[in-house]
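> Take a look at this one; I'll ask things after.
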Amino acid sequence: MNLSASDLPLPAADARAHSDRLRAHILDAIDAAGGAIPFERYMELALYAPGLGYYSAGTQKFGEAGDFITAPEVSPLFSRVVARQCAEILAASDGETILELGAGSGALAAAALAELAQDHALPAHYWILETSADLRARQRARLEQALPAETFARVEWLDSLPAPFRGVIFGNEVLDALPVARFMATAEGLREQGVTRAGDALVWCDLPPREALRDAVAIIERERGEAFPPGYVSEIDLNLPAFIRGLADCVERGGLLFIDYGLPRAAFYLAERAAGTLMCHYRHRAHPDPFVYPGLQDITAHVDFTAVAEAGVNAGLDLDGYTTQAFFLLGGGLESMLAGSDPADTRTHLELTREVQTLTSPADMGERFKAILLGRGLGTQPSGFALRDLSFRL
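So the sequence shown is numbered by this note's numbering: it starts at 20 and just counts up by one.
What follows is the structure in structure tokens.
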């Protein structure tokens, strides 16, 4: 069900004032650009404008009190499986470093490091690359409280990507928050969707497509074997190749491991997705309007995992695995973790069972979320991809 702005809860006065400041900042950018900006630029400002964007400002984003719940908040079992997969990659690469991109609430890092410590597989370094000063502070407080001092001492927050190292770079729900370009097919040709102003309101507008967007759409249409019909709207992450290459350049030996919601390209651009995949999240309500409360809501688009794989291969990496979250977790030992709980502790066992259902059910996160590994010099496939590798679908 698509909600409208009138269906959403009203923000508090201070939150509304913050949103108004970001809106004014975006309107200034529109004026400076001559009256309109590509949607990609709007999404970048709405999410990452320093001190104002959704991920740059100090609002609660994750968990029950935030706008959405990610897998690490659903269950520590998710993070424990991820930890074991990272340990396998570290062993295969003779690596000693895990780098987490955008560590959110810190829930994944806390549970993963606890699992690695229990398995006597702690890396020498657990780095976190986090652009939000507020989230850094929250992560630090959580990890310092949750971890023994000797484990916490291995955690370090980075300001930029590191020099080449051996290990694994991990991102959970990172790719879906990268700014995307948005296009529309019309009877007169391709148009790029942009953002302009109507007084102080933010509204859609059509722009001539940038050359990079025109070329990217042409490639997809060739692969489809037909042009998009008039009225078809969708998204493309034009900056994904550079993003993946920048990460690949950091890994001397090891891999990039991503888990996110998305599709192979052949399924991404089907006729039934003629309205695109853009979605916003505000206080656990999902809706399609990116102009509601800028700075107070998340804006995402599904990940084209074919594009991720292509970007990795073009950056010199191997496609070492692609599968659903359910197969990744089950292959990585989720069932044995559940079996290790005490059935006599009925409440805990039932809660863990419910969490596993949420993580693996096709109706919940199991099919919508995918896992992909882009490796360099691994020579082996981690167990999370061995149960059912779906790379042939990319």
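The beta-carbon is built from N, C-alpha and C at its ideal position, and this holds for glycine as well.
Can you give me the C-alpha to C-alpha distance between Asp256 and Pro167, rounded to a whole angstrom?
By 1-based counting over the sequence shown, the position of residue 256 is 237. By 1-based counting over the sequence shown, the position of residue 167 is 148. One C-alpha to the other measures close to 40 Å.
> According to DSSP, is Cys105 part of a helix, a strand, or is it coil?
Taking the first residue of the sequence shown as 1, we reach residue 105 at position 86. It is helical.
> Just grab the DSSP bridge partners of His300 for me.
Working through the sequence shown from its first residue, we reach residue 300 at position 281. Paired residues: Ala305 and Asp317.
> Can you look up Pro260 in the DSSP assignment and give me helix, strand or coil?
Locating residue 260 in the sequence shown gives position 241, counting from the first residue. DSSP places Pro260 in helix when its eight states are reduced to three.
> Could you check which residue in Ala133, Thr205 and Gly186 has the C-alpha nearest to that of Val252?
As a position in the sequence shown, residue 252 is number 233, starting the count at 1. Measuring from the Cα of Val252, the nearest candidate turns out to be Thr205.
> CB Ala131 to CB Val101, shorter than 8 Å?
On the sequence shown, residue 131 is found 112 positions in, with the first residue counted as 1. On the sequence shown, residue 101 is found 82 positions in, with the first residue counted as 1. Against a cut-off of 8 Å, the Cβ pair of Val101 and Ala131 comes out as a contact.
> Can you have a look at Gln316 and say buried or exposed, based on whether 16 or more other CB atoms are within 10 angstroms of its CB?
Position 297 of the sequence shown holds residue 316. Per the 10 Å Cβ criterion, buried.
> Report yes if the C-beta distance between Gly331 and Ile263 is below 8 Å; otherwise report no.
For this step, residue 331 is matched to residue 312 along the sequence shown. For this step, residue 263 is matched to residue 244 along the sequence shown. Result yes, Cβ atoms of Gly331 and Ile263 sit closer than 8 Å.
> In the DSSP assignment, what are the bridge partners of Val187?
Here the question's residue 187 lines up with position 168 in the sequence shown. Answer is Ile117 and Gly274, bridged to Val187.
> State whether the segment 37-51 contacts the segment 63-76, with contact taken as three or more CB pairs (one from each stretch) at a distance under 8 Å.
yes
> Between the C-alpha atoms of Phe404 and Gly340, what's the straight-line distance to the nearest angstrom?
Here residue 404 refers to the residue found at position 385 of the sequence shown. Here residue 340 refers to the residue found at position 321 of the sequence shown. In a straight line, the C-alpha of Phe404 is about 6 Å away from that of Gly340.
> Taking the alpha carbon of Arg387 as the reference point, which residue from Gly394, Gly396 and Thr377 has its own alpha carbon closest?
Stepping through the sequence shown from its first residue, residue 387 is reached at position 368. The option with the nearest alpha carbon to Arg387 is Thr377.
> Under DSSP, the alpha helix (DSSP H) around Ile255 begins and ends at which residues?
Taking the first residue of the sequence shown as 1, we reach residue 255 at position 236. No alpha helix (DSSP H) holds Ile255; the beta strand (DSSP E) holding it covers Val252 to Ile255.
> Can you tell me the Cα-Cα spacing of Pro248 and Ser38, whole angstroms?
Here residue 248 refers to the residue found at position 229 of the sequence shown. Here residue 38 refers to the residue found at position 19 of the sequence shown. If I take the Cα positions, the gap works out to 36 Å.
> Along the beta strand (DSSP E) that carries Met384, what are the first and last residues, could you check?
Locating residue 384 in the sequence shown gives position 365, counting from the first residue. It is not in any beta strand (DSSP E) - Met384 carries neither H nor E in the DSSP assignment.
> Whose C-alpha, out of Tyr280, Gly54, Leu348 and His306, is nearest the C-alpha of Ala218?
On the sequence shown, position 199 is the one that residue 218 refers to. According to the sequence as given, residue 218 is Gly; it is not Ala. Minimum Cα distance to Gly218 is reached at Gly54.
> With H, G and I counted as helix, E and B as strand and the rest as coil, what does DSSP make of Arg229?
Residue mapping note: residue 229 aligns to position 210 of the sequence shown, counting from 1. Residue state, collapsed to three classes: coil.
> Taking buried to mean at least 16 other C-beta atoms within 10 Å of its own C-beta, is Ala220 buried or exposed?
Residue 220 sits at position 201 when you count from the first residue of the sequence shown. By the 10 Å Cβ count, Ala220 comes out exposed.
> Helix, strand or coil: how does DSSP classify Arg173 here?
As a position in the sequence shown, residue 173 is number 154, starting the count at 1. Here Arg173 sits in coil by DSSP.
> Does the Cβ of Leu177 have 16 or more other Cβ atoms within 10 Å, making it buried, or fewer, making it exposed?
Looking up residue 177 in the sequence shown gives position 158. Answer is exposed; the Cβ neighbour count stays below 16.
> Going by DSSP in three states, Phe411 sits in which element: helix, strand or coil?
Taking the sequence shown and counting its residues from 1, one reaches residue 411 at position 392. Helix, per DSSP.
> Output yes or no for whether 8 Å exceeds the beta carbon distance between Lys202 and Leu209.
On the sequence shown, position 183 is the one that residue 202 refers to. On the sequence shown, position 190 is the one that residue 209 refers to. At residue 202 the sequence reads Phe, which differs from the Lys that was named. In contact: Phe202 and Leu209 (Cβ atoms closer than 8 Å).
> For Gly114 versus Arg272, is the C-beta spacing smaller than 8 Å?
For the purposes of this step, residue 114 is identified with residue 95 of the sequence shown, where counting begins at 1. For the purposes of this step, residue 272 is identified with residue 253 of the sequence shown, where counting begins at 1. Cβ distance < 8 Å, so Gly114 and Arg272 count as in contact.
> Does the beta-carbon distance from Pro18 to Met298 come in below 8 Å?
The displayed coordinates of the chain run from 20 to 413. Any statement about residue 18 would go beyond what the structure contains.
> What are the start and end residues of the beta strand (DSSP E) that includes Glu211?
Position 192 of the sequence shown, counted from the start, is the residue given in the question as residue 211. Where Glu211 is concerned, the enclosing beta strand (DSSP E) stretches over Gly208 to Ala217.
> When the Cα atoms are used, what is the spatial distance from Glu291 to Thr379?
In the sequence shown, counting from the first residue as 1, residue 291 sits at position 272. In the sequence shown, counting from the first residue as 1, residue 379 sits at position 360. Cα to Cα, the separation comes out at about 25 Å.
> Check whether the Cβ of Arg412 lies closer than 7 Å to any heavy atom of the ligand GDP, and answer yes or no.
As presented, the structure is devoid of all ligands, the ligand GDP included, so that no description of it is given.
> If Gly394 sits next to Gly274, beta carbons under 8 Å apart, how far is it from one beta carbon to the other, in whole angstroms?
In the sequence shown, counting from the first residue as 1, residue 394 sits at position 375. In the sequence shown, counting from the first residue as 1, residue 274 sits at position 255. With a Cβ gap of about 4 Å, Gly394 and Gly274 count as contacting.
> From Pro95 to Ala246, what does the alpha carbon distance come to, in whole angstroms?
Start at 1 with the first residue of the sequence shown, and residue 95 comes out as number 76. Start at 1 with the first residue of the sequence shown, and residue 246 comes out as number 227. Spanning the two alpha carbons is a distance of roughly 45 Å.
> Please return the same chain residues whose Cβ sits closer than 7 Å to the Cβ of Pro307, not counting the five positions on each side in sequence.
Sequence index remark: in the sequence shown, residue 307 carries index 288 (1-based). Only Asn21, Leu297, Met298 and Cys299 meet the Cβ criterion.
> Hey, out of Glu92, Ala143, Gly213 and Thr342, whose CA is closest to Thr116's CA?
The sequence position of residue 116 within the sequence shown is 97, counting from 1. By alpha-carbon distance to Thr116, the top candidate from Glu92, Ala143, Gly213 and Thr342 is Ala143.
> Here's a check: name, in chain order, each residue in its chain whose Cβ is nearer than 8 Å to the Cβ of Leu141, leaving out the five neighbours to either side.
Taking the first residue of the sequence shown as position 1, residue 141 is located at position 122. Here the set comprises Leu132, Leu135, Thr170 and Arg173.
> Go ahead and pull the three-state DSSP assignment for Asp364.
Residue numbering aside, residue 364 sits at position 345 when the sequence shown is read from its first letter. DSSP places Asp364 in coil when its eight states are reduced to three.
> Is Phe189 buried or exposed, if buried means 16 or more other CB atoms sit within 10 Å of its CB?
The residue you call residue 189 lines up with position 170 of the sequence shown. Per the 10 Å Cβ criterion, buried.
> Got a sec, what are the start and stop residues for the alpha helix (DSSP H) Tyr67 sits in?
Taking the sequence shown and counting its residues from 1, the one referred to as residue 67 is at position 48. Residues Phe58 to Tyr67.
> Figure out for me which residue from Ala200, Ile147 and Arg284 has the closest Cα to the Cα of Ile239.
In the sequence shown, counting from the first residue as 1, residue 239 sits at position 220. Considering only alpha carbons, the answer is Arg284.
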